[in-house]
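Undergrad: In our numbering, the protein residues as written are 37 to 693.
I'd like to ask you about the structure that follows.
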């Protein structure tokens, strides 16, 4: 479905002159050609050494994942064409190249009044294998994270704006996000689940184009775009191997096992969307804005599975030795969202901000499946045809009033109402619950104060208090209070302090949920740069945080009520000194030293230390030598086997032009 969006457009200084100066003698031209440099910038290259990682190498890779070898640590350079032919300026920035986990390159090219072009590329290595996570076999001495990943993501973004600075600016853009890798997951059957390796590959392409209208009192954007998506995964176990799974308890006297597996699924999807947004100064006292987005994604899924072993089908009380499972599914998901808002200034000291938004999602899908079970000389086939639907409607209305009581005091008061409903159904009915519905109702009071008692001090506080009559999820915000306060003090021209406080207290008293959540954080930071940092500067911060959570749940095996308790109390500190050492024979070295630490107590007591030191030594105007040392130390009080420690030393050169 396509929506057509139509936007209606609403549409002698005196100079003092000095007396003419007497003519000067013409300068003798220099024999050396003059002109601006066509290339400026710098590049940092070097080599990194890593000592042997003491402790858990998997945890080190999950958190730090920096290795040894040659590196291009950073680059930032600009190309300029003095004759302004194909371009005026091209700027390139790059960081972390040399098999680091986060590698980036960014390019900007522009020609005045003709085009602006930007390109961004990121190569991200994602490794997650914390030994203590998702490992029900740990009690048997088997270290295996059954939800682990070793993947790489490649993200590219390209955009071209035509005729920048004009009132009519067409643009085209393309974004690509792809990933691939390996990992571990579980193959779940009745009575057991088996850890198996899996491979992953996905790709999303976004194509979009549009036009921006930029007038003095009116701005609008019309955009049309589309996406394509694919996701392919497979899990497998080679024939001949024996996998007893995570459950050692026999089922009716027999122990289940898996001897071979091959399961693959592929998802293909596409979508076309239309978007429009505008902002306008309707009158000197009224600004309005709005946005509309409509999309209709559709997807198709194909899944096939073949497994052998001693397996159990609970619905038929049947043991079987082989299984084939085929599924084909399709879904459509029309999605509409929109928002409108206005800022009204009826009086000189009063601003009223009104906003409304809605988000509506309707999903309809169907699936056809066939399962074939074989064992003990007999076979059985089960076919199913399912239809499902999911409908969610979310709405929000908010009004805020800002009142400048004095030149130093601004007050804010407001009210937000949130409402919506969601329901889903699966036909024919099967399982514990084939349909469900929920309503969302929330009333929120909003308040705030901004106080500037004198020029060097600013104090700002915002608060919310809410009461709900329904929510979608057990851990959603329900009856909550939220506070954020911040104070900034410029003690001296070279010294400033910032204090920050946040609090969230949430409570859901619904029987069967009884959810309590409280998080609190206080922080203090300072920056000191005497004489504009000509000799040294210092920046540091300290944060104290606490988190408490209680929620009721049912133990799956026995369906008995239990309470989940989580506690965390943490201290975080960072500090960095930058010192310019005395010059020797015209060479002025620079030393940076400091680091950070994190210490927590509670359910997952953790300590993490990262001191560092960097020395810069200029050789001449175009080259500097640098050396960098960092230590990484990590430990957990209850999971000692997850700790690690290592040193990284990097040395290199910076070339400047």
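For glycine and all other residues, C-beta sits at the position ideal for the given N, C-alpha and C.
How should residue 290 be labelled, buried or exposed, when 16 other C-beta atoms within 10 angstroms of its C-beta is the threshold for buried?
TA: For the purposes of this step, residue 290 is taken as residue 254 along the chain shown, with counting starting at 1. It is exposed - the Cβ of residue 290 has fewer than 16 other Cβ atoms within 10 Å.
Undergrad: Once DSSP output is grouped into helix, strand and coil, what is the label at residue 457?
TA: Here residue 457 refers to the residue found at position 421 when the chain shown is read from its first residue. If DSSP states are grouped into helix, strand and coil, residue 457 belongs with the strands.
Undergrad: What's the call for residue 387, buried or exposed, on a 16-neighbour Cβ count within 10 Å?
TA: The count along the chain shown starts at 1 and reaches residue 387 at position 351. Buried, by the Cβ-count rule.
Undergrad: Can you find the residues in the same chain that come closer than 6 Å, C-beta to C-beta, to residue 628, ignoring five residues on each side of it along the sequence?
TA: Indexing the chain shown from 1 puts residue 628 at position 592. Result list for residue 628: 614, 650, in chain order.
Undergrad: What is the DSSP secondary structure of residue 96, reduced to helix, strand or coil?
TA: To locate residue 96, count along the chain shown from 1; it is residue 60. The answer is helix: DSSP assigns residue 96 an H, G or I state.
Undergrad: Say whether the region 111-124 touches the region 180-195, bearing in mind that this needs 3 or more beta-carbon pairs closer than 8 Å, one atom from each stretch.
TA: no
Undergrad: How about residue 283 and residue 241: do their beta carbons lie closer than 8 Å?
TA: The residue labelled residue 283 in the question sits at position 247 within the chain shown. The residue labelled residue 241 in the question sits at position 205 within the chain shown. In this structure, residue 241 does not lie closer than 8 Å to residue 283 by Cβ.
Undergrad: Does the beta-carbon distance from residue 691 to residue 659 come in below 8 Å?
TA: Here the question's residue 691 lines up with position 655 in the chain shown. Here the question's residue 659 lines up with position 623 in the chain shown. Yes, the Cβ-Cβ distance between residue 691 and residue 659 is below 8 Å.
Undergrad: With a cut-off of 8 Å on the beta carbons, I'd call residue 648 and residue 661 a contact; round off their distance for me.
TA: Counted from its first residue, the chain shown places residue 648 at position 612. Counted from its first residue, the chain shown places residue 661 at position 625. Not really, about 18 Å apart at Cβ, beyond 8 Å.
Undergrad: For the structure I just gave you, are there three or more beta carbon pairs, one from the region 261-281 and one from the region 315-325, closer than 8 Å?
TA: no
Undergrad: For residue 267 and residue 304, what's the separation of their Cα atoms in angstroms?
TA: Reading the chain shown from its first residue, position 231 is the one you call residue 267. Reading the chain shown from its first residue, position 268 is the one you call residue 304. In a straight line, the C-alpha of residue 267 is about 7 Å away from that of residue 304.
Undergrad: Please check the pair residue 324 and residue 365, which I expect to be a contact at CB under 8 Å, by giving their CB distance rounded to whole angstroms.
TA: One-based indexing of the chain shown puts residue 324 at position 288. One-based indexing of the chain shown puts residue 365 at position 329. The Cβ separation is near 43 Å, so there is no contact.
Undergrad: Please name the residue, chosen from 101, 558, 127, that lies closest to residue 152 on a Cα-to-Cα basis.
TA: Residue mapping note: residue 152 aligns to position 116 of the chain shown, counting from 1. Comparing Cα-Cα distances from residue 152 to each of 101, 558, 127, the minimum goes to 127.
Undergrad: Apart from the five residues just before and just after residue 197, which ones in its own chain have a Cβ nearer than 7 Å to its Cβ?
TA: For this step, residue 197 is matched to residue 161 along the chain shown. Cβ within range, chain order: 151, 152, 205, 207.
Undergrad: If you compare alpha carbons, which of 251, 163, 177 is closest to residue 202?
TA: Counted from its first residue, the chain shown places residue 202 at position 166. For residue 202, the nearest C-alpha among the options comes from 251.
Undergrad: So, are the CB atoms of residue 233 and residue 222 less than 8 Å apart?
TA: Translated into positions along the chain shown, residue 233 becomes position 197. Translated into positions along the chain shown, residue 222 becomes position 186. In this structure, residue 222 does not lie closer than 8 Å to residue 233 by Cβ.
Undergrad: Tell me the rounded alpha-carbon separation between residue 157 and residue 238.
TA: What you label residue 157 is simply residue 121 of the chain shown in a count that begins at 1. What you label residue 238 is simply residue 202 of the chain shown in a count that begins at 1. The alpha-carbon atoms of residue 157 and residue 238 are separated by roughly 17 Å.
Undergrad: Kindly indicate which three-state DSSP category residue 352 falls into: helix, strand or coil?
TA: Position 316 of the chain shown, counted from the first residue, corresponds to residue 352. Helix, per DSSP.
Undergrad: Is residue 605 near residue 87, with beta carbons less than 8 Å apart?
TA: Residue numbering aside, residue 605 sits at position 569 when the chain shown is read from its first letter. Residue numbering aside, residue 87 sits at position 51 when the chain shown is read from its first letter. No, these two residues do not count as a Cβ contact at 8 Å.
Undergrad: What would DSSP say about residue 567, mapped onto helix, strand or coil?
TA: By 1-based counting over the chain shown, the position of residue 567 is 531. Here residue 567 sits in helix by DSSP.
Undergrad: Whole angstroms are fine: how far does the CA of residue 533 sit from the CA of residue 212?
TA: The residue labelled residue 212 in the question sits at position 176 within the chain shown. The residue labelled residue 533 in the question sits at position 497 within the chain shown. Cα to Cα, residue 212 sits roughly 42 Å from residue 533.
Undergrad: Provide the residue span of the beta strand (DSSP E) that contains residue 132, from first to last.
TA: If you number the chain shown from 1, residue 132 lands on position 96. First-last of the beta strand (DSSP E) with residue 132: 125-133.
Undergrad: Please check the pair residue 80 and residue 110, which I expect to be a contact at CB under 8 Å, by giving their CB distance rounded to whole angstroms.
TA: The residue labelled residue 80 in the question sits at position 44 within the chain shown. The residue labelled residue 110 in the question sits at position 74 within the chain shown. Between residue 110 and residue 80 the Cβ distance is about 5 Å, and since that is below 8 Å, they are a contact.
Undergrad: Let me know the secondary structure DSSP gives residue 182 once reduced to three states.
TA: Here residue 182 corresponds to residue number 146 of the chain shown, with the count starting at 1. Three-state result, residue 182: coil.
Undergrad: Residue 571 to residue 617, Cα distance in whole Å?
TA: Counting from 1 along the chain shown, the entry for residue 571 is found at position 535. Counting from 1 along the chain shown, the entry for residue 617 is found at position 581. Taking the straight line from one Cα to the other gives about 8 Å.
Undergrad: Unbroken beta strand (DSSP E) runs of length 3 or more, entirely within the region 213-296: which are they?
TA: 228-250, 254-273
Undergrad: So, with DSSP's three-state summary, where would you put residue 693?
TA: In the chain shown, the residue the question calls residue 693 occupies position 657. The answer is coil: DSSP assigns residue 693 none of H, G, I, E or B.
Undergrad: Under 8 Å between the Cβ atoms of residue 376 and residue 402?
TA: Reading the chain shown from its first residue, position 340 is the one you call residue 376. Reading the chain shown from its first residue, position 366 is the one you call residue 402. Not closer than 8 Å, so no.
Undergrad: Extract the residue ranges of the beta strand (DSSP E) inside the region 351-415, only unbroken runs of 3 or more that lie entirely within it.
TA: 354-368, 371-383, 386-411
Undergrad: Leaving out five residues on either side along the sequence, give the residues of the same chain with a beta carbon under 7 Å from the beta carbon of residue 134.
TA: In the chain shown, counting from the first residue as 1, residue 134 sits at position 98. So the list reads 105, 106, 107, 108, once near-sequence residues are dropped.
Undergrad: Are the beta-carbon atoms of residue 199 and residue 209 separated by less than 8 Å?
TA: One-based indexing of the chain shown puts residue 199 at position 163. One-based indexing of the chain shown puts residue 209 at position 173. The answer is no: Cβ separation not under 8 Å.
Undergrad: Quick one: give me the first and last residue of the beta strand (DSSP E) that residue 656 is part of.
TA: Position 620 of the chain shown holds residue 656. First-last of the beta strand (DSSP E) with residue 656: 642-656.
Undergrad: Compute the distance between the beta-carbons of residue 95 and residue 516, then report whether it is under 8 Å.
TA: As a first step, residue 95 must be located in the chain shown, where it is residue number 59. As a first step, residue 516 must be located in the chain shown, where it is residue number 480. No; because the gap between Cβ atoms is not below 8 Å, this pair is not in contact.
Undergrad: How long is the line joining the alpha carbons of residue 565 and residue 577, rounded to whole angstroms?
TA: Locating residue 565 in the chain shown gives position 529, counting from the first residue. Locating residue 577 in the chain shown gives position 541, counting from the first residue. Annotation: residue 565 to residue 577 spans about 15 Å, alpha carbon to alpha carbon.
Undergrad: Is the beta carbon of residue 160 sitting closer than 8 Å to the one on residue 189?
TA: Residue 160 sits at position 124 when you count from the first residue of the chain shown. Residue 189 sits at position 153 when you count from the first residue of the chain shown. For residue 160 and residue 189, yes; Cβs fall inside 8 Å.
Undergrad: Can you tell me whether DSSP reads residue 513 as helix, strand or coil?
TA: Working through the chain shown from its first residue, we reach residue 513 at position 477. The answer is coil: DSSP assigns residue 513 none of H, G, I, E or B.
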